Amino acid sequence: MYAALLIFTGKAAAAALLYVAGWLAVPGSGPEAGKTSGRKPAAQASRALRPVAPPLVTRVVRLTNDSLAGQPFGEEPTVQQLIRSGGRITARTPYRNLYEANQIDTILLVRHQGNVFEFYRAPEKDLLRDAVVVNFQPAYGRRLRTRLAKAHRPAATTIDKVRIGDSERTNYVSVVYQGGRLSTVHVEPYVD
């Protein structure tokens with residue numbers, strides 16, 4: 002009996018809350034009905050409202066381009082070039098060489114003007130292992146943008162996510178265009 006009374010009371014309270022909420026939502030009713038507000042009526046809006054732009058449509062495009070996927074920058078930036086032009090090494094991680102016993106190589110993380118490069122440093126040379134480019138002002142960014150412009154023409158009303166790979170499926174360049182403008186490039190070269 003108590004359970005039935007509790008359920009009935011809960012339902013009645015919910016119904017009363019809905020009734021009061023509906024009563025307050027109707028203009029000209031509620032506790033403030035009949036009172037005039039201290040505000041003056043709003044003047045007609047003389048300025049035109051901007052039309053709301055439709056949301057951008059996302060397209061995913063996959064391309065095969067051996068030269069672009071294999072050498073997206075043309076000439077790759079080196080660790081020394083990046084440091085000379087204001088870049089800095091932000092992390093060094095030891096990495097055991099898979100082919101030479103007792104050899105420890107290094108993974109370098111280099112930041113340059115908002116861009117992030119990861120290099121595999123072995124005794125004989127540094128190999129670009131990963132790069133994320135969002136600033137296209139440096140020379141390597143301009144070269145990258147020029148090479149990508151030849152590969153894909155984005156529409157101004159879309160967000161294009163373009164994945165460019167080589168025919169061997171070892172090197173990839175992932176590109177994001179927002180509203181027809183190049184936004185982000187992620188370079189993933191093959192390093193063994």
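Note that the sequence shown ends on residue 193 in the numbering used here; no numbers are left out.
Glycine included, each C-beta is placed from N, C-alpha and C at the ideal position.
As the structure is a prediction and not an experimental result, all values here were calculated from the model.
Residue 105 is not a Cβ neighbour of residue 116, given a cutoff of 9 Å. Judged by their CB atoms, residue 177 and residue 168 are not nearer to each other than the 9 Å cut-off. Within the segment 121 to 155, the runs of alpha helix (DSSP H) at least 4 residues long that lie entirely inside it are, in chain order, 140 to 152.
A Cβ-Cβ distance of about 5 Å is found for the pair residue 107 and residue 93, placing them in contact under the 8 Å criterion. By the neighbour-count criterion, in which a residue is buried when 16 or more other Cβ atoms sit within 10 angstroms of its Cβ, residue 161 is buried.
Taking a contact as a CB-CB distance under 8 Å, the pair residue 62 and residue 132 does not count as one, their CB atoms being some 20 Å apart. Here residue 85 carries a helix assignment [DSSP, helix/strand/coil].
In chain order, 159 place their CB closer than 6 Å to the CB of residue 58, counting only its own chain and leaving out the 5 sequence neighbours on each side.
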